[in-house]
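Chains as they are written, first to last, in numbering that gives the first Met the number 0: chain A, 0 to 226; chain B, 0 to 911.
All C-beta atoms, glycine included, are put in the ideal place defined by N, C-alpha and C.
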Amino acid sequence: MHQILAVEDDPVIRSVLRALLESEQFRFVEAATAERADIEARAHKPDLLLVDLGLPDGDGISVIRKVRSWSPVPIIVLSARTQEEQKIAALDAGADDYVAKPFSAPELLARIRAALRRNIRSAEVPQVLAIGRARIDLSRREAHGPAGEAIHLTPLEYRVLECLARHAGFIVTQDQLVREVWGPGRLGDTRSLRVCMMNLRAKLEPDPHHPAHLITEPGLGYRLRPD
Amino acid sequence: MMAEARPDPDRLLAQVQAEEARAKRGRLRIFFGASAGVGKTYSMLEAARSSRSAGVDVVVGYIEPHGRVETERLLEGLERLPPLTVRYRGIERREFDLDGALTRRPAILLVDELAHSNPTEGEPRLRHAKRWQDVDELLDAGINVWTTVNVQHLESLNDVITQITGVRQRETLPDRVFDEADEVELIDLPPDDLLARLRAGKIYIADAAANAAERFFRKPNLMALREISLRRVADRVEAAAQASAPADRQSRPRLARERVLVATGPDAQSEQLVRAGKRLADALDAEWTVVYVETPALLKLSEAQRNRRIELLRLGESLGAETVTLDGPTATEALLEYAETRNATRVIVGSPKRTGLKALLRPSTAMELARRAQGFDVITVAPAADRPASAPRRDARAEGIPAQVPWNRYLWAVAVSGACTALAFAMFPHFERVNLVMVYLLGVTVAGLRLGRGPSVLTSVLNVAAFDFFFVPPRYTFAVSDAEYLVTFAVMLIIGLVIANLMASVRQQTRVAGARERRTVLLYAMSRELAATRGTAHMARVAVRHVAEVFQCAAVVLLPDPEGKLHFPRERPLEQSLRGADLAVAQWVADHGRQAGLGTDTLTAAPALYVPIGDSERRLGVLAVLPRHARRVLLPEQRHLLETFAGQIGIAVERAELAERAESVRVAAERESLRNTLLASISHDLRTPLAAMAGAGSTLAEQGASLDEATRASLARSIETRAREMSELISNVLDLMRLESGEIALRLDWQMLEDLLHAATTTVRPRLAPYPLEARLPANLPAVHVDAALVVKVFVNLLDNIVKYTPEGTRVTIAAASDGPFVRVTVDDNGPGLPPGDPERLFEKFQRGTEEGAAVGVGLGLAICRAIVRAHGGEIEALRRPGGGARFELTLPTTEPAAAADAAHAPSPSRG
């Protein structure tokens, strides 16, 4: 049974979250302030954190940074702030995903499950990735199409896939991708990244015009949705 | 000037304004004496003591006590401002502390020795070169000042007194300051008493000056000085009496008004002429003009000598004259013409210096003028005995700078001569020798026009020689068989020389006139370009470009922020921009509306010249120029031209500021009306869903148990939908307000249109499912340079509109094509089409396709779309499809936005 810590100052939303999550068989722990959040997180060692950005005694981003400094636990930001800068700031601080308020129950549950799934496997990066009916062996650097035919991927494309696979199901910001694949010297060069993603979709997606696995999050980054 | 019987309203207004200004200004009281030692400081201190005992706030700003016991005793009990210690050439000097006085702000401040010169190059740097300027600033600040002046310090009397006493006084005071003083108190002491005091050791004399003092303090000198100072004060009293005379006397016809013209040149006597002119003008109560005539002959003088003109004209201006530089073929011509146009009644010139035969052959300007004068008197002034008139000539030779003519012009002169000879050679078999002479004269004319005086003289001489050598028999020798030819040679040479001189003069004058005309054209060019420019920052750049070009300088226009503090322009500097202008100096200039820096008497150590923009009412900024050649801005006419430029800039900046203010008022009004509409609209659009939610919620809470499963679910679902709609509405309102206030900085990046559309359709998908959607995007569509999140919002809004206003099953087609620097996107549907009326109205705030639809959401969707697309430099339109249905067409940029658009967004802070 997974334990979820919700850091949220609004008691109504806390009670809604409690009702929703407990009905889905999660154990629910809550904290109303940034200070309590850190204490509860250390005490309960939850399997996942839901963090609101606007807290009475500080910014949710500081909570994310603090938790990240000692734990790789998945963190999902739950916030009414809609501006991209704030989403990116939260993701860059170490959050794994972002759900905007008002949220719909099914969407939130789907994100939570995806995060927990990834956390179970987080020990090792999946060696073989399935995208649609294509299979990519990341360690041997081999890719095969649905009929078993070989697909040629460039070294850069493998590295982008690796990076996305490590955070499978989560948003990876453009900056993060560029930094990990091209190096910090190329920060801001999103053009190469975009071209790379287009090529990957053309090679791997069943319908490149309606990508189902290599998803663009406009203004934020990309998300790999494996099967 | 025509007289008017009725009072001129403009003049009355000016008088009222002047009186108001005077009322705010402090009063200046001068204790005036014929020489040192008459007891000016003593009287001043005594007066101060009696004011003090009457309870007036009197402070001693600066007194030079010279160790006199009586003075020291009087100082006791008076508040004294600590003097400022200035390090100047390694020596510490005690100076008057202007800023200290301004901070203290007493009712009456005592400052000794008004004519004193400040050491401007010392440390700390003093603001003004002269103490009277310090006092002027004090008066401007509304502080009353008492001070002392000796008669020999008065600028216009300076040379007369030098002649009488033989001691030259270097510290002078412009007469204007003395004349404008509110009160002058003459401290008179008979010469005998003064000499007695001197013998008693009651007059301070520095050791170094002891010799001069001995010459100075002699009875005839003292008597003369006493007479001059009595007369000067009497003049003042009379002027005051006239000023307060009944108005009808003042408005008498002034046709008989005198105008004095002082004709000056580069000689040393000119300074004396200017002072003589001042005295005459004062005596006649006349307006006066110092005229400097630049003839072609004068253009050949050395740079140093021509620079004397600057000093001369500045002296004239400081004495209250109008100054003019004329150019003409000769000084006499120019003066006659100018005297006629200005209706001059007296013309002052230096007395003739040429004598004997020379005077007969080339009469001097004075004699010429006297001969041809019409309607004015010519007054000649003899040179002062102690100053030989030929002094500057020696200077010029010593500096050895004749008017430089490039040596290659002389080569050209030889070439012209050669060419003439060659042509003559070709003509020789067919023409008379007389015609060959014509060819040579033509050569001289050409040389005179193109090469200048020296080379063309060379051409004339060479021509005569060549003619003799090649064509006069016996040929190929310089010998001449027929003596008649000697006459030909002589005439040829004379004509040649005359032509050379004439042509050179014409050339010089054309050049001078050309330069003037060019400047006028440039001024016009700047005014025109400023008129076509918007925004003060852009205007400043335009002005800098023009000023830098005209004055060959680095320039910068410093504009004040709303608090009146000057700041450097934020834009990237131009190539010609002056970097590192002294903001402190500029601020002073802006605050006081007076020039400072290079070539002025204020803050002279600053390398650049600072000119205020705007008038005393509205200080609009400061123009700072750092010329490559100081001459460029030191000449009074150049200074006036610069002031004219500053004036033009001022007019333009003021116009821009007015326009900006009007615009901000309009924007504020619009925002206000938006706010009102918004409030009305929101209160309706928020209350409706809130009522539904509250109703559904309370039903669930009270009756939940008795309701069946399906009803409960539907009630809960309706709460969710309504909440979602409200959330959407609120974020739309917030976005629109941010977009309209320019608060959103676009996060521009390269994006594939396909990605953006995909993100949009994913967001709308649940609602959009019943609408078949087709996207036709060409494979080679270029990436667009946009803020992804905002553009996704545009598509979401457009698709939501389709969901709201068309029946299920309506086909949606999205197409795109490259169009110049844009990608043109069309979103079509085959629904019922746009409502009747102008489609443009759809983009206004709070418009809906149908007036009272069930669809929720204030009609903000399309207004937001337009705001977003326009922020990107694109456009969005609503069209009626030919086959029925609606079409929305928008353009998105595929290139980086222009710098202007970039700058417009750059300064805005982070969103939210």
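- DSSP places H591 (chain B) inside the alpha helix (DSSP H), whose first and last residues are 582-591.
- Apart from sequence neighbours up to five positions away, the residues of its chain that approach P190 (chain B) with a beta-carbon distance below 8 Å are K218, L221, M222, R225, ordered along the chain.
- Rounded to whole angstroms, L77 (chain B) and Y291 (chain B) show a C-alpha spacing of 51 Å.
- Using a Cβ-Cβ cut-off of 7 Å, T172 (chain A) does not count as an interface residue toward chain B, since no Cβ of chain B sits closer than that to its own.
- Here N407 (chain B) is exposed, its C-beta having fewer than 16 other C-beta atoms within 10 Å.
- Scanning A:E204, A:P55, A:H208, A:V194 for the CA closest to the CA of P10 (chain A) turns up A:P55.
- Residue-level contact check: W749 (chain B) touches chain A, since one or more beta carbons of chain A fall below 7 Å from its beta carbon.
- For a cut-off of 8 Å, the C-beta gap from T805 (chain B) to P765 (chain B) is around 17 Å, too long to register as a contact.
- Cβ atoms of L223 (chain A) and L163 (chain A) come within 8 Å of each other, at about 4 Å.
- Between A92 (chain A) and R64 (chain A), the gap from beta carbon to beta carbon is short of 7 Å.
- For N149 (chain B), the enclosing beta strand (DSSP E) starts and ends at 143-149.
- Within its own chain, the residues whose Cβ lies closer than 7 Å to the Cβ of L640 (chain B), once the five positions on either side in sequence are excluded, are R518, listed in chain order.
- Counted as a single uninterrupted DSSP element, the stretch harbouring R618 (chain B) is not any alpha helix (DSSP H) but the beta strand (DSSP E) occupying residues 618-626.
- In the DSSP assignment, I135 (chain A) falls within the unbroken beta strand (DSSP E) covering 133-136.
- Within the stretch 769-791 of chain B, the residues whose Cβ lies closer than 9 Å to any Cβ of chain A are, in chain order, A774, L776, A782, D786, A787, A788, L789, V790, V791.
- Under DSSP, L185 (chain B) shares a beta bridge with B:F31.
- CA-to-CA, the gap between P561 (chain B) and G741 (chain B) works out to about 20 Å.
- Collapsing the DSSP output to three states places Q594 (chain B) in coil.
- As DSSP reads the structure, T263 (chain B) sits in a beta bridge with B:Y291.
- Not a single CB atom of chain B sits nearer than 7 Å to the CB of E106 (chain A).
- Annotation: G596 (chain B) to A580 (chain B) spans about 11 Å, alpha carbon to alpha carbon.
- In this structure, T70 (chain B) and T40 (chain B) form a Cβ contact; the two beta carbons are roughly 6 Å apart against a cut-off of 8 Å.
- Against H209 (chain A), the close residues of chain B are H757, in the order they occur along the chain (beta-carbon pairs closer than 8 Å).
- For A862 (chain B), the uninterrupted alpha helix (DSSP H) segment begins and ends at 860-870.
- Closer than 7 Å at the C-beta level to chain B, one finds these residues of the stretch 66-90 of chain A: T81, Q82, E83, E84.
- For Q750 (chain B), the beta-bridge partners assigned by DSSP are B:V783.
- Boundaries of the beta strand (DSSP E) harbouring L558 (chain B): 552-559, taken from the DSSP string.
- A check of alpha carbon separations from E874 (chain B) across B:P892, B:G883, B:L334 identifies B:P892 as the nearest.
- A Cβ of chain B is located within less than 7 Å of the beta carbon of P101 (chain A).
- Here the stretch 775-786 of chain B lies against the stretch 741-757 of chain B, with 3 or more beta-carbon pairs under 8 Å apart.
- Between L108 (chain A) and E21 (chain A), the beta carbon gap of about 12 Å keeps them out of contact (Cβ cut-off 8 Å).
- A check of alpha carbon separations from E659 (chain B) across B:P173, B:L565, B:R533, B:G646 identifies B:R533 as the nearest.
- A distance below 7 Å separates the beta carbons of V471 (chain B) and Y484 (chain B).
- For A89 (chain A), the enclosing alpha helix (DSSP H) covers residues 83-91.
- Closer than 7 Å to the CB of S672 (chain B) there is not a single CB belonging to chain A.
- At a cut-off of 7 Å, the C-beta of A722 (chain B) has a neighbouring C-beta in chain A.
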